[in-house]
Amino acid sequence: MPKTPSPESSSSSLNFKESLRKKKFVNHVRRQSSFSFVQENLSKALTETNVTLIVSILTLLSTVILQTWYTIVTRNMHYVGTFHALHSEYASPEMLDAIDTVNDFIFEHGIEHYTDVYMRHKKDRIRAPIKDIDHSRRRVVHWYSKVCLFWEKSLIPVHLLQTFPGPERAVYFIRTFEPLEESSRMIYGGPKNGVFDCLRKMYGIWSEAPEDDANAATCSDNNLGGSNAYCPA
Numbered sequence: 000m001p002k003t004p005s006p007e008s009s010s011s012s013l014n015f016k017e018s019l020r021k022k023k024f025v026n027h028v029r030r031q032s033s034f035s036f037v038q039e040n041l042s043k044a045l046t047e048t049n050v051t052l053i054v055s056i057l058t059l060l061s062t063v064i065l066q067t068w069y070t071i072v073t074r075n076m077h078y079v080g081t082f083h084a085l086h087s088e089y090a091s092p093e094m095l096d097a098i099d100t101v102n103d104f105i106f107e108h109g110i111e112h113y114t115d116v117y118m119r120h121k122k123d124r125i126r127a128p129i130k131d132i133d134h135s136r137r138r139v140v141h142w143y144s145k146v147c148l149f150w151e152k153s154l155i156p157v158h159l160l161q162t163f164p165g166p167e168r169a170v171y172f173i174r175t176f177e178p179l180e181e182s183s184r185m186i187y188g189g190p191k192n193g194v195f196d197c198l199r200k201m202y203g204i205w206s207e208a209p210e211d212d213a214n215a216a217t218c219s220d221n222n223l224g225g226s227n228a229y230c231p232a
């Protein structure tokens, strides 16, 4: 005859099963809590990383923008300073006297003969009447040489050089001073002064027009942009 389980053993079995279920439930809750904690911390860390990255990118962009702005402002200030120095030197009494001295010499001897007179005085060692002409020639040539140097080194923007000294002054300088410079070179030797070819290249001048017919000169599209007063329409 089978043995019937006692009520105490049945109750103990039920209590054990109930305790086991509770432990499983508690473990499940703990695992869920741990996962949620890890997920929350990971999400927080990623959010902080994104914020840090965004702040770093914005800082880098602002630094680049400020540095670019500072470079542009500094360069423009340098342009203005260099241009002002050139303009002031050209307007100085010494420079104007030098130009007037050469103009007076040309007016006295004529545009067709002033280089012959200059060479004759140089060859005959007649220094008194020609000394002032030489000093004036050197001063003006030196000034235009600085203009060419600043242009070649991009120390002055092209639109300023188009305004000053401009193609008109360049043509006048080439037409009146290059013959004197060549005459002196023929007597004393030495390399050809490159300032005249530099100005031709700068302003795209092919030939120099006479003073009373500025449009007679021909030129290419000049390197400074805009219209050239010596280019035919």
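Under numbering that gives the first Met the number 0, think of the first position of the sequence shown as 0, with each following residue one higher.
The beta carbon of each residue, even a glycine, is placed where N, CA and C say it ideally should be.
Owing to the predicted nature of the structure, the values given are computational and were not obtained by experimental measurement.
Under the three-state reduction of DSSP output, I204 falls in the strand class. For W150, same chain residues with a beta-carbon under 7 Å away, outside a window of 5 residues either side, are L160 and M201 in chain order.
By the 16-neighbour rule on beta-carbons within 10 angstroms, S183 is buried. The shortest CA-to-CA distance from T162 to any of L57, H86 and M76 is the one to H86. Contact between T114 and P178 holds, with the beta-carbon distance rounding to 4 Å and staying under 8 Å. V157 has its alpha-carbon roughly 11 Å from the corresponding atom of F82. Annotation: D133 to D123 spans about 15 Å, alpha carbon to alpha carbon. With 16 or more other Cβ atoms from the protein chains shown falling within 10 Å of its own Cβ, R136 counts as buried. DSSP, reduced to helix, strand and coil, places I155 outside both helices and strands of the structure shown, so it counts as coil.
When the beta-carbon positions are compared, H108 and V101 stay at least 7 Å from each other. Apart from sequence neighbours up to five positions away, the residues of its chain that approach F104 with a beta-carbon distance below 7 Å are Y113 and I132, ordered along the chain. S144 places its beta carbon 7 Å or farther from that of V79. S61 and C147 have their alpha carbons spaced roughly 38 Å apart.
Taking P166 as reference, the option from L65, T46, M118 and R199 with the minimal CA-CA separation is R199. The beta carbons of A97 and R138 sit closer together than 7 Å. The C-beta distance from M94 to W142 rounds to 6 Å, short enough to meet the 8 Å contact threshold. Distance from the CA atom of T73 to the CA atom of I155, rounded to whole angstroms, is 13 Å.
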